[in-house]
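Note sheet for the following structure.
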Amino acid sequence: MTGMTYLAYDYPLLSALLTMLVFFLWIMWFILLFRVIVDIVRDDSLSGWAKTGWMVFTIVLPFLGVFVYVIARGRNMGSRELAQARAQQEALDSYIRETAKGTGERTSSVDELARLSEIKARGDISDEEFRRAKELVLSGHGPRS
Numbered sequence: 001m002t003g004m005t006y007l008a009y010d011y012p013l014l015s016a017l018l019t020m021l022v023f024f025l026w027i028m029w030f031i032l033l034f035r036v037i038v039d040i041v042r043d044d045s046l047s048g049w050a051k052t053g054w055m056v057f058t059i060v061l062p063f064l065g066v067f068v069y070v071i072a073r074g075r076n077m078g079s080r081e082l083a084q085a086r087a088q089q090e091a092l093d094s095y096i097r098e099t100a101k102g103t104g105e106r107t108s109s110v111d112e113l114a115r116l117s118e119i120k121a122r123g124d125i126s127d128e129e130f131r132r133a134k135e136l137v138l139s140g141h142g143p144r145s
């Protein structure tokens, strides 16, 4: 009987795990590469020449370029990404406030017109007074409650 030694790669399950690990590391490498490229483009403190230099270094020698970039400038990558996220959130909040403000004015105009119609239906104001009040509300100069 001859002594056969089995390597870990000889087992199908370990082979599948090794393949998944390599695939995972490959995907992580591309995520890191794209994050570095986005950070280079997004960074306002770099001049155009510096951005071009980092991009060429990252594309020509990708492994070395990315690792050198992360070592040299990686400390502030998170803060730049956080600042970008805050700026986007502030822009979204501002847009929502402006949109909600416009909707609120339209709703109050509709409410005022409904209230004017009720007052007219009760006979408290004349047709002429109703028409003038309606014009004021629709022009945006009417009283707000």
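The sequence shown begins at 1 in full-length UniProt numbering and counts up by one.
Using N, Cα and C, we set each Cβ at its ideal position, and we do this for glycine too.
Every value quoted in this text rests on a predicted model; they were computed, and no experiment measured them.
If you check the beta carbons only, do residue i and residue j fall under 8 Å apart?
i	j	result
residue 146	valine 36	With the chain running from 1 to 145 in the structure shown, residue 146 is simply not present.
aspartate 43	arginine 75	no
isoleucine 40	methionine 55	yes
threonine 58	tyrosine 69	yes
Within 10 angstroms of its Cβ, does residue i collect 16 or more other Cβ (buried), or is it exposed?
i	result
arginine 131	exposed
glutamate 135	exposed
methionine 20	exposed
leucine 116	buried
serine 145	Because serine 145 carries a pLDDT of 46, less than 50, the predicted location of this residue cannot be relied on, and no value is offered for it.
glutamate 50	It is alanine, not glutamate, that sits at residue 50 in the sequence shown. Classification of alanine 50: exposed, given that the 10 Å Cβ count is below 16.
alanine 133	buried
phenylalanine 23	exposed
Between the alpha carbons of residue i and residue j, how many angstroms are there, rounded?
i	j	result
aspartate 127	lysine 120	7 Å
valine 110	leucine 82	42 Å
glutamate 90	isoleucine 96	10 Å
valine 38	glycine 48	14 Å
isoleucine 71	leucine 13	36 Å
serine 27	arginine 73	Before going on, a small fix: residue 27 reads as isoleucine here, not serine. Each residue's alpha carbon lies about 22 Å from the other.
aspartate 124	alanine 114	14 Å
alanine 85	glycine 140	37 Å
alanine 87	glutamate 129	49 Å
residue 202	aspartate 93	With the chain running from 1 to 145 in the structure shown, residue 202 is simply not present.
glycine 78	leucine 46	16 Å
lysine 101	serine 108	11 Å
tryptophan 29	threonine 99	41 Å
What is the C-beta distance between residue i and residue j, in whole angstroms, given that I count them as a contact (C-beta under 8 Å)?
i	j	result
leucine 17	proline 62	Contact flag wrong, Cβ pair sits at about 26 Å.
valine 137	glutamate 118	So it is not a contact: roughly 14 Å between Cβ atoms.
Using beta carbons (cut-off 8 Å, strictly below), is residue i in contact with chain D?
i	result
valine 36	No chain D is part of this structure, which consists of one protein chain only.
Problem set entry | Start-end ranges of the alpha helix (DSSP H) lying completely within the segment 41 to 95, minimum 4 residues | You should have 48 to 60, 62 to 73.
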